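Protein chains in written order, with the numbering used here: chain A, 1 to 305; chain B, 1001 to 1305.
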């Protein structure tokens, strides 16, 4: 049976070239939505926009991990949705370890010293022996946990119920959220945006952290009560925050985050979807699809991830 | 047999408290140089200054790795000199990985973007698949190599002759220095200061690097031809440099390094001697000393390390 693929991505040309190179069996390309397109590959938003013009759609492969536009309560669900996982763990680990080291090693302060020609031997901190808490331990969390153990950290994980990573020293669930937060040096949110995770990083959770704690968000902006975080930083209830994701992206110019003290931001750049990685995943999934086998990383529309 | 220990360090009180706590057999403390002091623990410079007043000295434990003041050609050599090793590897790894990630992740650029309220999604780089070259592979180099492999890098090592770390993919020796440098993404100097290593980071070596290469120096400033490095940075022959050590420390205010483009500096703070770590090493060595066994990390006065 022939399959027809539509690519809906800003990197369409790169994806097409790499997929053509792989000479996949039974695969043809479409250049626009059509009645016979049964596979789509791309970013969630353009896929969402094209859904009504894809009556024969059987499988959509998202090139991102986050697929919120496709799993809303009113969304079409009569197709298989797979997202990108597995490829982001290493990149997220680099981001998290990078910003933890920037914090401990006082990398920004040293640059200020240099600008002031001030030879300041203020001692550096270390990751060794510190405790990190992971809000959410999926494939990304497991990879961050592995990196944290490499640097000699203690690792706590807060999950709905699963305890899959062996690099997590201690798991917490359900109502044990504040207990999980107690005494953490670093809190990392990796949770997706769902009804259950909305504003899970609340005033109560931030108050439960020690005042020297650093908060990092690489999950979703919706998981954070933004006003609570701003207040915690303004009142030095925690030492700092590093945010890669926000409730609204791009972050509006008038948002207080831009100038909140001890807040560093990046621009949803922590774990980019490298075309080569995603293509590899697509090819693997296509081969399964063509042979009628189950696909990797299927999204549960009900759960929303 | 009784032993008498003199501590010559700015952290004397901390060291004394921790050593007293260990209740070491046969050990007494001296508070100043005396004829019956046979052990000294401290920084190399005050040890050097006290040598003439310590006729009975048998063993000196340096709390630093670098012991240049004690191994010059005219220096006294009729005692056992041990330095601090083993404890710095993990700290150095943190420093190196931290600055490599700051470079790849454009951590400083993102801060500028934030100040300008500019949502810039410029893609981030990654350590995965990059190649690092280690000038010197002792205990610190081995630990950095281990961290580099963790992040998926290729690792080259340049040594006098030893090939001790299994985390180094390929070793180079002697006249193969420029071959070693070819195609490196990152060059890391960890060499001590000896006659053989002086200005090993020369114009020729810097010219052999790709223009996107980053140079990091955590070894000794003497290993770098400072003028050659300044020229390489001014002419964009390499992408950047991160220096923790310098020919003269503290770096004089008029030194061009302070304002050389793409040069980041720290202030000999990459791997601090934490009192707890050094005390542990001292106690281990003291027990061997008291029992007439060989000590760990003995310095070869001839080689200078």
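Glycine included, each C-beta is placed from N, C-alpha and C at the ideal position.
Here the structure is a predicted model, which is why all the values come from computation and not from measurement.
Give the DSSP bridge partners of residue 1217(B), in chain order.
1189(B), 1243(B)
I'd like to know whether the C-beta atoms of residue 197(A) and residue 223(A) end up nearer to each other than 8 Å.
Going by beta carbons, residue 197(A) and residue 223(A) fall inside the 8 Å limit.
Quick check: the region 1246 to 1260 of chain B against the region 1275 to 1282 of chain B, are at least 3 beta-carbon pairs closer than 8 Å?
no
Using a C-beta cutoff of 8 Å, does residue 197(A) count as contacting chain B?
no
Here's the rule: buried if 16 or more other CB atoms are within 10 angstroms of the residue's CB, otherwise exposed. What is residue 36(A)?
exposed
Would you kindly work out how many angstroms separate the C-alpha atoms of residue 1087(B) and residue 215(A), rounded to a whole number?
29 Å
Output needed for residue 1048(B): all residues of its chain with C-beta closer than 6 Å, excluding positions within five of it in sequence on either side, in chain order.
Answer for residue 1048(B): 1069, 1070, listed in chain order.
Any 3 or more C-beta pairs closer than 8 Å across the region 159 to 175 of chain A and the region 1166 to 1173 of chain B:
Judged by pairs of C-beta atoms under 8 Å, the region 159 to 175 of chain A does not touch the region 1166 to 1173 of chain B, as fewer than three such pairs exist.
At 7 Å on the CB atoms, spell out the chain B contacts of residue 250(A), in chain order.
Listed along chain B, the residues sitting closer than 7 Å to residue 250(A) by beta-carbon distance are 1119.
Which ranges would you report for the beta strand (DSSP E) in the region 68 to 151 of chain A if only whole runs of at least 3 residues count?
80 to 82, 131 to 135
Rounded to whole angstroms, what is the Cα-Cα separation between residue 24(A) and residue 113(A)?
56 Å
Would you mind sorting residue 1044(B) into buried or exposed? The rule is 16 or more other CB atoms within 10 Å of its CB.
buried
Helix or strand or just coil, what does DSSP make of residue 1238(B)?
coil
Grouping DSSP H, G and I as helix and E and B as strand, with all else coil, what is residue 163(A)?
coil
Could you list which residues in chain A have their beta carbon closer than 9 Å to that of residue 1145(B), in chain order?
Per Cβ cutoff of 9 Å: no residues; residue 1145(B) is ~13 Å from chain A at best.
Helix, strand or coil: which one does DSSP assign to residue 1199(B)?
Under the three-state reduction of DSSP output, residue 1199(B) falls in the coil class, being neither helix nor strand.
Is it buried or exposed for residue 106(A), if we count other Cβ within 10 angstroms and need 16 for buried?
Within 10 angstroms of the beta-carbon of residue 106(A) lie 16 or more other beta-carbons, which makes it buried.
Top-ranked residue by Cα proximity to residue 1030(B), from 1054(B), 1239(B), 1181(B), 1010(B)
1054(B)
Within 10 Å of its beta-carbon, does residue 1104(B) have 16 or more other beta-carbons around it, so buried, or fewer, so exposed?
buried
Would residue 1014(B) pass as an interface residue toward chain A - the criterion being a Cβ-Cβ separation below 8 Å?
no
Any idea if residue 1094(B) is buried or exposed, counting beta-carbon neighbours within 10 angstroms, 16 or more meaning buried?
buried
Using 8 Å as the limit for Cβ to Cβ distance, is residue 186(A) near chain B?
no
Output, in chain order, the set of chain A residues within a Cβ distance shorter than 7 Å of residue 1306(B).
As displayed, chain B neither begins before 1001 nor continues past 1305, which places residue 1306(B) out of reach and without an answer.
Start-to-end residues for the alpha helix (DSSP H) that takes in residue 273(A):
Boundaries for residue 273(A): no alpha helix (DSSP H) harbours it, and the DSSP string shows neither H nor E there.
According to DSSP, residue 1298(B) sits in a beta bridge with which residue or residues?
DSSP, once it has assigned bridges, lists 1082(B) as partnering residue 1298(B).
Can you confirm whether residue 1102(B), when its beta carbon is compared against all beta carbons of chain A, has any partner nearer than 8 Å?
Interface residue, yes.
Quick one: list the residues of chain B neighbouring residue 86(A), beta-carbon separation under 8 Å, in chain order.
Those do not exist, as residue 86(A) stays about 14 Å from chain B at its closest Cβ, beyond 8 Å.
Against chain A: residues of the region 1265 to 1276 of chain B by CB proximity under 9 Å:
1265, 1266, 1267, 1268, 1269, 1270, 1271, 1272, 1274
So with CB distances below 9 Å, who are the chain B contacts of residue 161(A)?
Within 9 Å Cβ-Cβ: nothing; residue 161(A) doesn't reach chain B, min ~30 Å.
By the three-class DSSP mapping on this structure, what secondary structure does residue 264(A) have?
strand
List the residues of chain B whose Cβ lies closer than 8 Å to the Cβ of residue 150(A), in chain order.
1147, 1150
Could you check whether the region 1115 to 1133 of chain B touches the region 1180 to 1191 of chain B, counting it as contact only if at least three pairs of C-beta atoms, one from each stretch, sit closer than 8 Å?
yes
Residue 212(A) classed as buried or exposed, judged by whether at least 16 other C-beta atoms fall within 10 angstroms
exposed
List the DSSP bridge partners of residue 28(A).
4(A)
Does any residue of chain A bring its CB to less than 8 Å from the CB of residue 1107(B)?
yes
Classification of residue 1001(B) by the beta-carbon crowding that lies within 10 angstroms, buried from 16 upward:
exposed
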